[in-house]
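One rule links them: number in our numbering = place in the sequence shown (from 1) + 1.
Structure first, then comments.
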Amino acid sequence: GKRRGGGRARGLILKWALLKAFGPDRWHFAALMNEERTTAIKEAITRAIQRAGADGSIAVADLGAGHGLYGMMAERGGAGSVTRYECLVPLAKMQANMAKSAGMKMRIRTQLPEKDSDDEEENQIPAADLAIFEVWEPTFYRGQGVGILGQGIVEAVKEARGCGVIGTSTVCIPRSARVVMCPCFIPPQTELLRCPMEDVSGFDLSYFSRFCPEEAESIYLKRMKHTRYAEPAAAFIFDFHKHDGSSEEEAMLSFDIGRSGVVNAIVFWHEMELDEERTLSSGPETESQQAVFMLSEEVKVEEGRALVLRVRRSSTELRVEPVDSPVHKNHILPSKQVVQRWHFGMLNDSERNEAYYRALRRQVAAGSLVLDVGSGTGLLGMMAARCGAGRVVCCEKSEAIATASSIIVEHNGLDDRVVVVHKHSSELIVGPAPVYVSGFGEYQSEGSDLRGRADMMVSEIVDCGLLGEGVIPSVLHARLHLLKEDAVMIPCAAEVFAMLIDLKSQSAPLSFPLHQLHGFDFSPFNQFRSPSYEQIRLADVKYERRSEEKSIFLFDFYSPLLDQPRSGWQKFPIRHSGRVNAVAFWFRLDLDEKESLLTSPDNPTTCWKQAVQFFEEEVEVSEGRALPVWVSHDQTRITFALRPPPPEDDE
């Protein structure tokens, strides 16, 4: 038999996953697409080479953020020699091929030279006349894991000086950077930010705050609800011509408070002085990201009074705390485990939470057994318990989250009815009724997780593209092995909608197809692009609609779901003429017959945002016509193509 492209798609996704683990991510594409930034750095490089005298003798070291653009700019601008330092071998090979194709002599090295090395070639590497860094990671210290700057620029400068790549007379671009800070209040919201949790829909989730990081996180402040309480002020100035990153420094930073209120966050960014002619800011008014420290406790501020911060820095970290910091109320020790940021945005989605709560109030039968699949904090399971369930089993595959969830359930006084199991739902074992031991109470039968099949399954295992967290396989397995035949399903159905769009070139966290950038062929960089969809809030990016919205898939979770996976042609009626380079899609999640959640572009606060997938090629469309698109899903991923994949032989 023949099947269409399933193995090829899985192979592409596996290849991309490996590249993603060891190569650039979509933030590198955002940096490359920042036209103002790349142009400003190019002009600064040109000025530096011209000042040195473009006689073919100037040596340049490019310690950039993983793409090699600035080293090529330097060679084309008249540098005598360029050495590009790139620690990732696949990326280094790609850059070497790009340079060769462009007719360049740029050298690619996978590590900084060792000082006093026995390697004769390394000892012959002189200090660079010009060193180029791109300081685009908003937290300034933590790197993006790619290139020499993967450890953060401060540590990178220290190492480059230590091994002699940067000497006493080396000109650096940027030559300095100011770290600018501003006290703010950032309320709970669905944007990606790990912020302290408190009450959610009447449940105490404060213990989940242990997963808030102690270090700063990256944000787009202008896309978030926030209140500023003072004008920004400079905390530190890094002079890269002098600073070796080894010293520690502490500063007291005083802000004149302009309004009374509460501060819970310190937002900061950097202003890079490229040279004496140009300074680049990564402030909230730009297309760059900022960084934020979420304070462990809120601080009350008064208009006309000063807020004083103690700011400490070393070569590896930056720390901020109010001088009059209150004693911690909860004494929750931070976890060393990492929890993805979307957990916090999801928990802060009050529309989602209240819709589930209303559906559970209608559907939970008194004394019933409820299964909460992919339970996370246990919020939905606790809702079911308060709605009258006799027993709730929450299954969560993350050990750290499952452990925290058990404590959260206990804090809410529901541990007599809600139990958290650290397993994937496919690993759950259905057993007989529990054993009662006189004097010891109730014990579950050994080896079993459920006391018989459940009366209801509640879950929220959907991503921006609906299927990415495995809702279909989980529902299929649960209905076959874990649920009664007449079990209630929440959600009960879902419908996916899509439209064709023209996504404009811009500095956004999307893996845009690359072609020519500043006169260089960057198409080899496309191997690091995601072959699948990516999450974005369409309201945050520049795009134009080309087609009508169209329903593409309908899933009834009460049905046998035996027709999965599915694929076929779908015709999209064209509303506006122009270019099509991507498809945007979203879903409606039916919790029951009365309650639905819609993640369309018209919903500006949904935690899921929307999914966007680029086509492999662009196409021009005309108003009034229809464009056929091959639409398919393999139960865990929806994909779109302008032509069907080649059929594959079944093994």
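A virtual CB, placed ideally from N, CA and C, is assigned to each residue, including glycine.
Between the options, which has its C-alpha nearest residue i's C-alpha?
i	options	result
Ser597	Arg353, Phe641, Val419, Arg480	Arg353
Ile154	Ser177, Thr171, Thr600, Tyr208	Ser177
Glu249	Glu318, Val300, Ile220	Glu318
Lys595	Ala356, Thr169, Asp63	Ala356
Leu131	Ala60, Lys106, Ala103	Ala60
Ala366	Val431, Gly346, Gly391	Gly391
Met500	Gln536, Ala585, Met95	Ala585
Thr191	Arg342, Asn413, Phe513	Arg342
Asp456	Asp450, Leu484, Glu535, Val419	Leu484
Glu701	Ser102, Asp416, Arg320, Thr280	The requested residue 701 is not part of the displayed model; the chain covers only 2 to 652.
Pro605	Ile109, Ala292, Ser351, Phe241	Ser351
Arg592	Glu461, Leu113, Arg108, Pro433	The sequence given here has Leu at residue 592, not Arg. Per the Cα distances, Glu461.
Asn582	Ser601, Glu617, Tyr559	Glu617
Ala53	Leu555, Thr171, Pro323	Thr171
Glu298	Arg314, Gly305, Leu275, Asp325	Asp325
His242	Phe209, Asp276, Asp257	Asp276
Pro233	Asn413, Asp240, Gln291	Gln291
Glu545	Leu504, Pro561, Val263, Lys94	Leu504
Give me whichever residues DSSP pairs with residue i in a beta bridge.
i	result
Trp270	Val181
Val300	Val264
Asp373	Cys395, Val459
Cys173	Ala132
Leu222	Beta-bridge pairing links Leu222 to no other residue.
Pro323	Leu310
Phe209	Its beta-bridge partners do not exist; DSSP assigns none.
Thr228	Phe186
Trp631	Trp570, Ala642
Phe237	Val180
Gln611	Ile537
Met500	Ala585
Who are the Cβ neighbours of residue i in its own chain at under 6 Å, not counting the five residues just before and after it?
i	result
Ser633	Ser568, Thr640
Asp464	Glu470
Pro189	Asn349
Ile149	A caution first: Ile149 carries a pLDDT of 38, below 50, which makes its placement in the model too unreliable to give a value.
Ala235	Arg179, Val181
Ser255	Ala307, Val309
Glu619	Arg580, Asn582
Suppose you measure from the CA of residue i to the CA of residue j; what does that come to, to the nearest Å?
i	j	result
Gln636	Leu563	11 Å
Ser369	Glu303	52 Å
Arg279	Phe521	24 Å
Glu215	Arg195	10 Å
Val374	Pro629	37 Å
Thr607	Lys106	50 Å
Thr661	Lys226	With the chain running from 2 to 652 in the structure shown, residue 661 is simply not present.
Arg27	Ala129	30 Å
Thr111	Arg530	22 Å
Pro647	Trp587	27 Å
Ile473	Met198	30 Å
Arg454	His482	8 Å
Ala653	Trp570	Outside the displayed range of the chain (2 to 652) lies residue 653, so it cannot be described from this structure.
Tyr208	Cys493	31 Å
Val328	Tyr358	In this prediction, Val328 scores a pLDDT of 44, lower than 50, which makes its location untrustworthy; the coordinate-derived value is nonetheless stated afterwards. In a straight line, the C-alpha of Val328 is about 35 Å away from that of Tyr358.
Asn98	Ser524	11 Å
Ile537	Gly203	30 Å
Gln96	Arg260	51 Å
His478	Ser601	29 Å
Measure the Cβ-Cβ separation of residue i and residue j and say whether it is below 9 Å.
i	j	result
Glu288	Gln51	no
Ile46	Tyr71	yes
Val393	Leu372	yes
Leu539	Ala495	no
Ala612	Glu486	no
Leu515	Phe615	no
Cys185	Arg224	no
Ile174	Ile42	yes
Phe573	Ser548	yes
Arg452	Gly432	yes
Cys183	Ala217	no
Leu222	Asn265	no
Val622	Ile553	no
His577	Met74	no
Ordered along the chain, which non-local residues of its own chain (more than five positions away) have a Cβ less than 7 Å from that of residue i?
i	result
Cys388	Leu361, Arg362, Val365
Arg626	Ile575
Arg644	Trp631
His412	Asp205, Tyr208
Ile238	Ser177, Arg179
If we cut at 9 Å on Cβ distances, does residue i have a partner in chain C?
i	result
Phe558	The question asks about chain C, but that chain is absent: this structure has only one protein chain.
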